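Just so we're aligned, residue 26 is where the sequence shown starts under my numbering, counting upward by one. Built from N, CA and C at the ideal position, the CB exists for glycine as well. This structure is a prediction, so every number in the text was calculated from the model and none was measured.
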Amino acid sequence: MKPGMSLMRHYLQFKDFRAEEYAYLFERVATIKRRFKNYEKYQPLVDRTLAMIFEKASTRTRVSFEAGMYQMGGSVVHLTTGDSQLGRAEPLEDSARVISRMVDLVMIRTFEQTKIERFAAHSRVPVINGLTNEYHPCQILADIYTYIEQRGTSARGVIDPDCLKGKVVAWVGDGNNMANTWLQAAEILGFTVHVSTPSGYEVDAKVAGINNRDCYKVFKDPMEACRGADLVTTDVWTSMGYEAENETRRKAFADWCVDAEMMALARPDALFMHCLPAHRGEEVSADVIDGPQSVVWDEAENRMHVQKALMEYLLLGRIG
Ligand code: CP
Ligand code: NVA
């Protein structure tokens with residue numbers, strides 16, 4: 026860590042940062058992305074190493090962290106449960122002690138949130154949540170930045186990091202890690218989430234880790250959740266780790282497909298987002314995800330830009 030920097034920080038949940046830190050981060054993302062697009066070298070993390078631990082599959086998270094770290098001058102070590110001692114019952118606490126003596130930063134994708142918390146409690150270096158059963162903060166960071174880029178950026182490229190304030194985000198689908206993280210973001214950044222899930226798959230404010238229940242409203246009918254929304258978003262019906270429930274979920278979620286009829290109830294300038302991977306014909310129709318309101322490819326690309334800003338912040342603090 027940079028001399029003079031105060032306490033080491035982890036990024037385990039969206040609520041680990043305050044609103045003003047997000048405002049700072051979004052400004053940094055805009056700068057870092059602009060430099061990348063202009064082929065300007067920016068390597069503040071030379072000699073820094075990121076360990077990435079995957080206990081679940083990934084495409085976007087792996088590529089975005091790995092490419093992002095190399096672009097910033099650092100290097101990465103990629104571990105999975107199957108090819109490390111984690112899969113042979115070495116205690117997580119011991120793995121954390123050892124790995125964090127050799128690298129500068131750790132990103133983990135795992136199952137229960139308690140696992141990443143135990144790792145972080147024994148780590149000498151910052152730990153980033155790359156998805157747990159409960160939360161996916163890096164994805165929501167990218168989603169919100171994508172909204173800012175699309176709806177809160179002037180012609181001269183000046184961003185309004187607060188542009189989601191007072192807006193409505195419609196969540197259609199499972200009360201899962203993505204939904205929980207949207208609720209945390211709504212509480213911190215001052216917008217409202219209209220949540221519609223099939224019964225039995227509701228969000229739980231306790232699991233979501235929010236105090237202010239006014240930051241979301243529950244709708245039985247997904248169409249009503251979308252009415253007047255500024256952003257409509259969804260996710261797979263079956264998240265990783267829940268595959269045994271696949272058939273039951275397919276039946277329960279049949280009416281929770283974001284289609285053109287739902288999008289027509291949202292504001293005319295509403296955006297559609299999906300963290301991906303997507304299943305066309307299940308949680309979203311092909312004409313919506315491949316249609317003009319969809320920003321899913323920018324959203325996926327922005328994972329890399331926001332995580333570069335996040336790694337810079339965790340390792341170097343505020344720049345300038
Ligand atoms: N959205 C997301 O986290 O994608 P991956 O599972 O491919 O990393
Ligand atoms: N909710 C999904 C997100 C995948 C990026 C899952 O946890 O599998």
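Give the straight-line distance between the Cα atoms of M97 and V123, rounded to the nearest whole angstrom.
24 Å
Helix, strand or coil for K242 per DSSP?
strand
At least three beta-carbon pairs within less than 8 Å, the segment 127-141 to the segment 176-192
no
The ligand NAD and P302: does the residue's C-beta get closer than 7 Å to at least one heavy atom of that ligand?
In terms of ligand content, the structure shown lacks the ligand NAD and carries the ligand CP and the ligand NVA instead.
Roughly how many angstroms separate the alpha carbons of S120 and R143, rounded to a whole number?
11 Å
Report whether the distance from the Cβ of S83 to the nearest heavy atom of the ligand CP is below 7 Å.
yes
Could you spell out where the alpha helix (DSSP H) holding R275 opens and where it closes?
N271 to A277
Top-ranked residue by Cα proximity to V243, from A233, K231, G253 and T222
T222
Just grab the DSSP bridge partners of A376 for me.
Any property of residue 376 remains undetermined from this structure, which presents the chain solely from 26 to 345.
Quick one: Cα of G29 to Cα of Y338, how far?
Its pLDDT being 45, under 50, G29 is placed unreliably in this model, and the coordinates cannot settle the point.
With 16 other Cβ atoms within 10 Å as the buried cut-off, status of V88
exposed
Going by DSSP, what residues sit across from I169 in a beta bridge?
DSSP lists no partner for I169.
Alpha carbon to alpha carbon, how far is P151 from I141? Give it in angstroms, no decimals.
11 Å
What do you reckon, are the CB atoms on G155 and E308 nearer than 8 Å?
no
Per DSSP, cross-strand counterpart(s) of A195:
H219 and V257
Regarding Q38 and the ligand CP, is the C-beta to nearest heavy atom distance less than 7 Å?
no
By a C-beta neighbour count over all protein chains shown, 10 Å radius and 16 as the cutoff for buried, is P317 buried or exposed?
exposed
Where the alpha helix (DSSP H) through A55 begins and ends:
A44 to K62
Verify whether the separation of the beta carbon atoms of C163 and Q332 is less than 8 Å.
yes
Which of the three DSSP states is assigned to K27 in this structure?
Unreliable placement is indicated for K27, whose pLDDT of 48 sits below 50; the coordinate value is still reported in the next sentence. In this structure, K27 counts as coil in the three-state DSSP scheme.
Is there at least one non-hydrogen atom of the ligand NVA closer than 7 Å to the beta-carbon of S89?
no
What do you reckon, is the C-beta of F261 under 7 Å from a heavy atom of the ligand NVA?
Note on residue identity: the sequence assigns Val, not Phe, to residue 261. Indeed, a heavy atom of the ligand NVA lies less than 7 Å from the Cβ.
I need the DSSP call for E134, collapsed to helix, strand or coil.
One detail in the question is off: residue 134 reads as Arg in this sequence, not Glu. Three-state result, R134: strand.
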